[in-house]
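Engineer:
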Amino acid sequence: MPRSIFNARLVINGLGISVKLVTAVEPRQVSFRLLHASDRVPVRQRMVHPVTGEEVAHESAQKGIALPHGMVVLRDEELVELEPTASRDLEVLRFVATTQLDHPWYVRPYYLSPHDPDDAQAYFALARALAAESKQGIVRWTMRKKPYRGALRAVGDHLALITLRSAAEVVATDALPELSWPAPSIQELAMARQLVEMLEGELDLEQFHDRYAEQVIALAEAKAEGKTTPLPTAKPEPAPPPSLADALAASITRLQEQDVA
Amino acid sequence: MPEPKPPTEAVADPPTAFWSGTITFGMVTIPVSLVSAVRSSVGVSLRQLAPDGTPLRREYVCPQHQRPLEPDEIARAYELSDGEFVVLTDDELEALAPEASHDIELRQFVDRDQLSPMLFERPYFLLPGSGSTKPYRLLTQVLEATGRAGIATFVMREHQRVVAILANDQLLRAQTLRFVSRLRTPQSVGLPSPPAQVDAAQIERMRDLIRAHEEADIDLSELDDEVRVRTIALAQRKLAEGRDVVEQPSDEPDQDAEIIDLMEVLRRSLERPMASEA
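Protein sequences, first through last, are from chains A and B.
FYI, the numbering used here numbers position 216 of the first sequence as 216, with every residue one higher than the one before it.
Just so we're on the same page, the numbering used here is the position in the second sequence counted from 1, plus 261.
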């Protein structure tokens, strides 16, 4: 059973609903360790002075911030001063359409669980209301001494909170200049569109498994048993590319033939 | 009085393409390289400095030999369930999925709106490779016009990823998606089921509350990291006053050298049409 990581209060204009944050993501199946190749001992990371090579422990290291015109040391008492005020409130600032934030904003999903049975009605009513309005809430909160921003969304009957990147991390691309490259012809566009339509379907992500992770595990187990490992296969040389229009036409023909067969 | 300095942002690392390969769409191939769409900037994570102000260097050591290791002395290993380590070489890993490591094959297209943000892991920009500007532009235009995303899998940095290829603002993007098996469900984390009847009047009150606090647009200032903003402001104040400023040693690579913003990389790659157009 995944543990809840944070007890909190979802606050919308004075209305409070007590909730628990529960992480919605399982850890990765395969992780690698770095070893010293000759004795197979896991390596240790340390921070050293680049000139003397001496190790500097985390506690005795100073913290610095690199600006274009110099490196500035920030002292511990200054860093403590900058920490956000501790709070259990998930403050909903406003609601916007679920389509308002583009994909680069979203980071990590959490489920919210109603903490107090008395709040369960309000919790489920809010989930229904968000779904009916096609809205998400923009939420701010502090967790582990760090400020977070998130999107409060209905997921089925329940509420989820997905953390968001900060405005400084997301690149606004709408100011990019108009392209001056050769444009595809109307005929090429029409064929490409037809190709997309022929390949269109319902999203089915269940079909994707981490087959590669399974292969890595199988390879590691085979090597542990002393079995020989497969040699890298040579990659076939790619054929020279046909013209764009020819490639599109041939793709469409091939798909049509598959449909008939 | 001295001229006021233009506002200085923290130094951003130049984005580096760490994967390059081919998008195939039917028999159309588009050479691309992948760069992170997340702008990394100092101020989110602080540098560690020695007591004398010198930025520290990260080093790997062997606890057995008590000495720092060169990169070629380090092997990557997978840990079996019994705790035994098995060393896997780059060649062996590459051989597991030779095509998947270089090719994103778009075999399925879906409506972009079907992609739940719960699935979103990391966003990337796909920049056109040499000679690929026309097919790149073709795919971008079609995806933008139809609101569709191509779904594919590929292998990057020793992990298989499911990826949605979509287009916005003339750019192809790759958004990695979590495997469904890694996404917990409300049932698997033990969330309570809703009551048989959720009170209709209460739903109505919640809808009123949402409408009373809804806005057509996001206020991007609400998505600032205020601690980062205040941290940079404090550092700039101290820099201007000459308090706690340390010299950076000149042997530190790229720290003061060329500061390239991600936006600049995008602008350059879109402005300069590549040679050898087919």
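Just so it is clear, CB atoms sit at the ideal spot from N, CA and C, and this is done for glycine as well.
1. For the segment 92-99 of chain A against the segment 333-342 of chain B, are there 3 or more C-beta pairs whose distance is under 8 Å?
2. For A:E26, return the contacting residues in chain B, with the cut-off set at a CB-CB distance below 7 Å.
3. For a minimum of 4 consecutive residues, which ranges assigned as the alpha helix (DSSP H) are wholly contained in the segment 384-428 of chain B?
4. Is it buried or exposed, B:F279, if we count other Cβ atoms within 10 angstroms and call 16 or more buried?
5. Taking its Cβ as the centre, do 16 or more other Cβ atoms sit within 10 Å of A:G226, making it buried, or is it exposed?
6. In the structure shown, what three-state DSSP assignment does B:R468 receive?
7. Rank A:S251, A:L244, A:L21 by C-alpha distance to the C-alpha of A:L90 and give the top, closest one.
8. Please confirm whether B:L527 and B:Y385 have their CB atoms less than 7 Å apart.
9. Less than 7 Å separating the beta-carbons of A:L248 and A:A192?
10. State the Cα-Cα distance for the pair B:F370 and B:P447, rounded to the nearest angstrom.
11. By the three-class DSSP mapping on this structure, what secondary structure does A:L176 have?
12. Give a yes or no on whether the minimum CB-CB distance between B:D351 and chain A is below 7 Å.
13. Excluding the 5 residues flanking A:G16 on each side, which residues of the same chain have their C-beta closer than 6 Å to its C-beta?
14. Taking C-alpha atoms, which residue in A:A183, A:D157, A:R108 lies nearest to A:L130?
15. Between which two residues does the beta strand (DSSP E) holding B:V371 run?
16. Nearest-angstrom Cα distance between B:E483 and A:R149?
17. Thinking C-beta only, is A:L176 closer than 7 Å to B:P531?
18. For A:A37, name the three-state secondary structure that DSSP assigns.
19. Using DSSP bridges, identify the partner residues of A:L74.
20. Which residues mark the beginning and the end of the alpha helix (DSSP H) in which B:V488 is found?
21. Specify, as a first and last residue, the run of the beta strand (DSSP E) that A:I138 falls within.
22. B:D486: buried (16+ other C-beta within 10 angstroms of its C-beta) or exposed?
23. With H, G and I counted as helix, E and B as strand and the rest as coil, what does DSSP make of B:F279?
24. Less than 6 Å between C-beta atoms, sequence neighbours within five positions excluded: which residues of the same chain meet that for A:K145?
25. Classify A:T253 as helix, strand or coil using the three-state DSSP reduction.
26. Pull up the DSSP beta-bridge partners for A:H103, would you.
27. Taking 7 Å as the threshold (beta carbon to beta carbon), is B:V506 in contact with chain A?
28. Select from the segment 320-341 of chain B all residues with a C-beta closer than 9 Å to any C-beta belonging to chain A, and list them in chain order.
29. Go ahead and pull the three-state DSSP assignment for A:S185.
30. According to the Cβ coordinates, are B:I471 and A:Q100 closer than 7 Å?
31. Return the CA-CA distance between A:K135 and B:D374, expressed in angstroms with no decimal places.
32. Counting only beta-carbon separations shorter than 7 Å, does A:S134 have a partner in chain B?
33. What three-state label does DSSP hand A:I162 in the structure shown?
34. Taking a Cβ distance cut-off of 9 Å, strictly less, list which residues of the segment 53-80 of chain A are near chain B, in chain order.
35. Straight-line CA distance for B:F381 to B:R504?
36. Between the segment 41-51 of chain A and the segment 458-477 of chain B, are three or more C-beta pairs nearer than 8 Å?
Structural biologist: Let me lay it out:
1. With contact defined as three or more Cβ pairs closer than 8 Å, the segment 92-99 of chain A and the segment 333-342 of chain B are not in contact.
2. Neighbours of A:E26 on chain B, chain order: R443, R445.
3. As summarised for the segment 384-428 of chain B, the continuous alpha helix (DSSP H) elements at least 4 residues long and confined to that stretch are 394-407, given in chain order.
4. By the 10 Å Cβ count, B:F279 comes out exposed.
5. With a 10 Å radius around the Cβ and a threshold of 16 neighbouring Cβ atoms, A:G226 comes out exposed.
6. It is helical.
7. Nearest option by C-alpha distance: A:L21.
8. Cβ atoms of B:L527 and B:Y385: not closer than 7 Å.
9. Going by C-beta atoms, A:L248 is nearer than 7 Å to A:A192.
10. Straight-line Cα distance between these residues: approximately 28 Å.
11. Three-state DSSP puts A:L176 in coil, outside helix and strand.
12. Chain A has no Cβ within less than 7 Å of the Cβ of B:D351.
13. Hits under 6 Å: R9.
14. Per the Cα distances, A:D157.
15. It spans 369-372 - the beta strand (DSSP E) in which B:V371 sits, taken as one unbroken run.
16. Per the coordinates, the alpha-carbon of B:E483 lies some 8 Å from the alpha-carbon of A:R149.
17. Note on residue identity: the sequence assigns Leu, not Pro, to residue 531 of chain B. Yes, they are a contact pair.
18. Secondary structure of A:A37 (DSSP, three-state): coil.
19. BP columns for A:L74 point to A:K63.
20. Its alpha helix (DSSP H) spans residues 487-502.
21. Residues 135-143.
22. Per the 10 Å Cβ criterion, buried.
23. Residue state, collapsed to three classes: coil.
24. By the criterion of a C-beta distance shorter than 6 Å, A:K145 is surrounded in its chain by E83, once the five residues flanking it on both sides are discounted.
25. In the three-state DSSP reduction, A:T253 falls in the helix class (H, G or I).
26. DSSP output for A:H103 lists no bridge partner at all.
27. Judged by the 7 Å Cβ criterion, B:V506 is in contact with chain A.
28. Within the segment 320-341 of chain B, the qualifying residues are E320, Y321, V322, C323, P324, Q325, H326, P329, L330, D333, E334, I335, A336, R337, A338, Y339, E340, L341.
29. If DSSP states are grouped into helix, strand and coil, A:S185 belongs with coil.
30. No.
31. Computed Cα separation, rounded: 14 Å.
32. Judged by the 7 Å Cβ criterion, A:S134 is not in contact with chain B.
33. Three-state DSSP puts A:I162 in a strand.
34. The segment 53-80 of chain A vs chain B, Cβ under 9 Å: G53, E54, E55, V56, H58, S60, A61, Q62, K63, G64, I65, A66, L67, P68, H69, G70, M71, V72, V73, L74, R75, E78, L79.
35. Cα to Cα, the separation comes out at about 42 Å.
36. Contact between the segment 41-51 of chain A and the segment 458-477 of chain B is absent, because fewer than three Cβ pairs lie under 8 Å.
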